[in-house]
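Numbered per UniProt numbering, the sequence shown spans residues 1 to 298.
The block underneath contains the structure these notes are about, expressed in structure tokens.
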Amino acid sequence: MTSTIAKTSTAPTAVPPRHRRVRARRVAPAVAFTTISVAAVALFLMPIAWIFATSLKPTSEIFAIPARLLPEAPTLEHFGAVLSDGALLQMFGNSLVVGAGATILSLLLGVPAAFGFARYRYRLSGALLAAALVTRMFPPVALALPFFLQFRELGLINTTVGLTIAYIPIVLPLVIWMLEGFFREFPEELLEAARMDGLGTLRTLIRIVIPLSRPAIAVAALFGFLAAWNEFVIALSLTRTPDAQTMPVGIASYITQFQTVWGQMTAASVLYLLPVLIITLIAQRGIIAGLMSGASKG
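So this is what it looks like as structure tokens:
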């Protein structure tokens, strides 16, 4: 009898069918969400993985049938050809100069503009904000011809200065849009305390608002830089030589009428991706903090 009681006490307790159904209903959405997320990430990373793999393949493997993702005999010959191309390195430097210049100028204009739109309401404020954001919706191909005609009259064709100015209408609306919502929810108590201390609007912006908004400003700067860094159509329209052309134009030059130099084109693409990937990985905590602060305040 004692052994029977012991066996009964150690037997596993059966989970009621109702509890199993509740658990299944909770687990199923999580499994579905995870599966969709993994599939979306894989779909996004597949072209990038193909670019990296192709850049390491010898030319004979690039055109091999059947195609293989991973190289059998990895080589750095394509990177050597790209790094020895002085014109392409010049274009890489132009991309850095133009992207940084357009981003800095857009921040100098966009931060006070976003703060003004967020904190001061007047009759035309909504219309002006909408007009600034609508320009972001114009495709670059629609802006290329007006820019070309104006810059030709000003003598800014085939110059990095002209290209930097042309990128401001692309970057500036993005900066205003990202920061206006953040500044709109900026703590009123801090602004009131600054006014009581005798600070004017400009000094309040410089001494109080900007230091406390660095994560959001950093995110806006990164996205603005990426918009200029990846732009192709306007750069193709306003530049003629490597002295002013940017890296996207240089990468596209590997596609000619008679052939496409896949190895060097993918190697150049990898080199062009690396700075963005490195900056993103280093600043990812600040980026997440900026996005989360904007989301929580929005």
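For every residue, glycine included, the Cβ atom is placed at its ideal position computed from N, Cα and C.
Short of 8 Å from the beta carbon of arginine 240, and not among the five residues preceding or following it, lie these beta carbons of its own chain, in chain order: Ile157, Asn158. One alpha carbon belongs to valine 276, the other to valine 82, and they sit about 18 Å apart. As computed with DSSP, threonine 260 is found in a beta bridge with Ile255. Judged by DSSP in its simplified three-state form, glutamine 245 adopts coil rather than helix or strand. Along the region 119-196, the alpha helix (DSSP H) occurs as fully enclosed runs of 4 or more residues at 125-134, 140-154, 160-184, 188-196, listed in sequence order. The shortest C-alpha to C-alpha distance from leucine 76 to any of Thr54, Leu88, Leu96 is the one to Thr54. Between threonine 164 and glycine 101, the beta carbon gap of about 4 Å places them in contact (Cβ cut-off 8 Å).
Looking at the backbone, the Cα of phenylalanine 225 and that of methionine 265 are separated by about 22 Å. Taking the C-beta atoms as reference points, isoleucine 234 is found nearer than 9 Å to tyrosine 167. At a Cβ-Cβ threshold of 9 Å, leucine 174 and alanine 220 count as neighbours.
With a cut-off of 8 Å on Cβ pairs, the region 132-145 is in contact with the region 176-196, counting three or more such pairs. The three-state secondary structure of proline 58, taken from DSSP, is coil. Contact between phenylalanine 182 and serine 213 is confirmed by a C-beta separation of about 6 Å, below the 8 Å threshold.
If you ignore the 5 residues before and after leucine 129, its C-beta comes within less than 6 Å of the C-beta of Phe117, all in its own chain and listed in chain order. The alpha carbon of alanine 268 has as its nearest neighbour, out of Ala87, Ile36, Ala40, Ser37, the alpha carbon of Ala87.
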